[in-house]
Each structure stands twice: as structure tokens, then as C-alpha cells.
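This report refers to the structure that appears directly beneath it.
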Amino acid sequence: MNKWVKAGLIAALAGMTLVYGGCGGNSAGSSKTSGKKQVAVVQIMQHGSLDAANQGMIDGLKDKGYGPDKVEVDQQNAQGDQSNLKSITARFKSNKPDIIFGISTPATQAVANEIKDIPIVGCAITDFETAKLVKSNQKPETNVTGVNDRGPVEKQVDMGKVFLPNAKTMGLLYCSSEVNSEIQANQAKKHAASIGLTVVEKTVSSVNDIQQVAESMVGQVDFIYVPTDNVLASSIPTLVKVTDPAKIPVLVGADSMARDGALASLSVDFYKSGVQAGHMAAQILDGKIKPEETPVEDPEVYEVIINKKNAEILGIKIPDEYKNATMVD
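Mind the numbering: the sequence shown is residues 0 to 328 in numbering that gives the first Met the number 0, read in order.
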């Protein structure tokens, strides 16, 4: 099955409880007599990158022998609501699953802050150490490990100069409450300065701010860079409704953001990173490794994604440097 079809299946189920072996009111931890391992999953919100990571984690478990016949999965989506995260965390704490998957920094922080006696494997997290999920990425010394989504920020910023060699000013747009976004933003600012770009930095606190903030950047910037950011990733169509008429290219950190309408991304493959995290989880369930002793892993695959339709809207020719990139409409 194509990975984006798989991600679509997860999107359709987001916010509902999915249990291997049947749907309904069951939850991970409530069927200890079934003999199956109980896996709990918490995702901060629904968007393509997180959905792909979610499906990848489940497929990674299955690769290692933990399919529907061996595992019951409790899928929970917080829909971007902190109060929902608290309720989901309480649910997991009560049900005591064998392992927890945390998808995104806020989701993993929520469960890790309250649950210390259950292994947690995180994915779609930029820096586990900065997020205080581990004592160090090389030696966590907590019940958390996983796969980071740290993309090549410097090369992502460079894409703006490849598409627009004469660009002088870069817009930087991200959510002020996301630790992972702030880390990437600081990297981006430092690199932009090193290649002679002036930076116009703007932040949003919610999806409701995006249109107004984007409008404030029109006429000030040659292109906009958006790091891997959950709030922005969920609202790329809102952003490009402003930037496309103004002919401002948007370069992004996540592949799903390019698929949703931004010009291009040099991105982690979130599905494959999810599979990587699923393999780690299987080793934990097998008793072969322990989170506290297992280094956080870097993603194994990066990919250039270019939205051909957006390039046409902007009147931008795709550079020869990216002739072998994955093209999407």
C-alpha cells in the first residue's frame, strides 16, 4: 500500500479509538487477559506528517512480528488541545499499556511528564534533549527514546536562494509555543545571516493568527521559510492563500506541507521515520533494549519534494539542481 494511502487511513481515524482486534470502547490496557501486548498512541493533532509517522510506527511494529494478532493499539488524537492531552495521559496512566508512542513534542512531553514507569517511544520530535524528554540524546536515562525529525535546516534555507538567486530578505514564520520550532528558527536565522539574507521574523500562537501575520509579510520578504511546525503544517492552505497572489514562495521543513501547497521541502520522510521508531519499540517489547540506555536516533531518509502546481502559480522555473526531486501537484 502506498505510504500516503496509509497516512490517509490514519487521518480518517484520527480522534477515534482504534484497537487491533476490533473497534469500540476497548482501550490499551483493558484487555490484559487477551495475551496481546498493549500499545497506546498519542498524537497532538491531525496533519499529513504526523499521520504518516503514526502509520509508520504501527507498520514498523508489524514488520517485527507485532501485528494485529499480537498487539492491541489504542489510538488517541488530542486535536491540538492541551486539556485533551491531559485526559489522554490520565487514560494511559490508568490503563498501563506495555508501551506508549508519542507523536510530536507536545504529545510526548504530556505523557512523559506524568508517566515514568512505562516505556515511551517518540517520533516527529526535533530535539529530545532540549524538550527535556531525556537527559541526553546519546544516553536518555529516562523512560523515553525514539527518532528525531531534525531536518537539514541550513539546506532548507538554501533552497530559497536556489529558487531565487537574487533574494535579499527571508521571512521566518513559526509557532511561538512550539519548542521544536524555536530550535529550528534559531538555526535558520544564524544560517540566513551567514549567506547574506536579512530575516523578517514573525510568530503565531494559533492557526487563527496565520492569515493576518502572513499579510503583514507581503512586500517585506522575497520568500518565506517555515520550519517543521505542527500549527503551520495543519494550515498551509491558509498561508498560501496569502502568499500565492503576492508571488511569495514558501519553503518548508516537512514533506506534507509541500504536498499541501507550499513550493518545496527538503524533508525527513515521516513515514519511514515512524517505521524506524516502530522497530525500536519492537526491540523494547522483546526485552532487547531499554529506553534509558538507547540513544535517540537520527532519521535515515531525507527527500526533496517540489509542488509543481505551486511553482506554476508563482511562475518559478524548477532549478536543474532539483530535477530529480519528487514532484507533487
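Beta carbons are placed, not taken as given, at the ideal position from N, Cα and C, and that holds for glycine.
Separation of Met279 and Lys189 (C-alpha to C-alpha, rounded to the nearest whole angstrom) is 34 Å. Under the DSSP assignment, Ile223 falls in the beta strand (DSSP E) whose first and last residues are 222-225. Less than 8 Å divides the Cβ of Asn179 from the Cβ of Thr227. In this structure, Ser233 keeps its C-beta atom at 8 Å or more from the C-beta atom of Val267. Each residue's CA atom was taken as its position, placing Ala130 and Gln108 some 8 Å apart. In this structure, Gly252 lies away from Ala52, with their beta-carbon atoms at least 8 Å apart.
Only exposed fits Ser33, as fewer than 16 other CB atoms lie within 10 angstroms of its CB. Ranked by Cα distance from Leu231, the first of Lys138, Leu172, Gln75, Arg258 is Leu172. Rounded to the nearest whole angstrom, the C-alpha separation of Ala192 and Leu250 is 17 Å. Here the C-alpha atom of Ala166 lies approximately 13 Å from the C-alpha atom of Ile315.
For a cut-off of 8 Å, the C-beta gap from Ala263 to Met158 is around 6 Å, short enough to register as a contact. If you draw a 10 Å sphere on the C-beta of Ile194, you find fewer than 16 other C-beta atoms in it, and that means exposed. Under the three-state reduction of DSSP, Ile99 is assigned to strand.
The DSSP-derived three-state label of Val300 is coil.
In this model, Asn94 and Tyr321 are separated by some 49 Å (Cα to Cα).
Exclusion of the five residues before and after Val217 leaves Ala245 as the residues of its chain whose Cβ lies within less than 6 Å of its Cβ.
The segment 253-295 contains, as complete beta strand (DSSP E) runs of 3+ residues, the segments 263-267 (chain order). Excluding sequence positions up to five before and after Asp58, its CB lies within less than 6 Å of the CB of Val274, all in the same chain and listed in chain order. DSSP links Thr202 through a beta bridge to Tyr173. Rounded to the nearest angstrom, the gap between the Cα atoms of Ala276 and Phe269 is 10 Å. Within the same chain, and ignoring the five residues on either side of Ala184 in sequence, the residues whose Cβ sits closer than 8 Å to its Cβ are Leu171, Tyr173, Glu200, Pro226.
Cβ neighbours of Arg149 within its own chain (closer than 6 Å, five residues either side excluded): Thr125.
Exclusion of the five residues before and after Ala187 leaves Val152, Val156, Leu171, Tyr224, Pro226 as the residues of its chain whose Cβ lies within less than 7 Å of its Cβ. The Cβ atoms of Gln78 and Val41 do not sit closer than 8 Å to each other.
A distance below 8 Å separates the beta carbons of Val143 and Ala111. The C-alpha of Phe91 lies about 46 Å from the C-alpha of Thr197. Between the beta-carbon of Ile102 and that of Ile43 there is about 7 Å, and that keeps the pair under the 8 Å contact cut. With fewer than 16 other CB atoms across the displayed protein chains lying within 10 angstroms of its CB, Val300 is exposed. Setting aside the 5 residues that flank it on each side, Gln282 is surrounded in the same chain by Ile288, each with a C-beta closer than 7 Å to its C-beta; the list follows chain order. The alpha-carbon of Phe222 is positioned some 16 Å away from that of Ile209. Ile305 is bridged by DSSP to Ala263, Met326.
Contact between Val327 and Ile304 is confirmed by a C-beta separation of about 6 Å, below the 8 Å threshold. DSSP places Asn147 in no alpha helix (DSSP H) but in the uninterrupted beta strand (DSSP E) bounded by 143-147.
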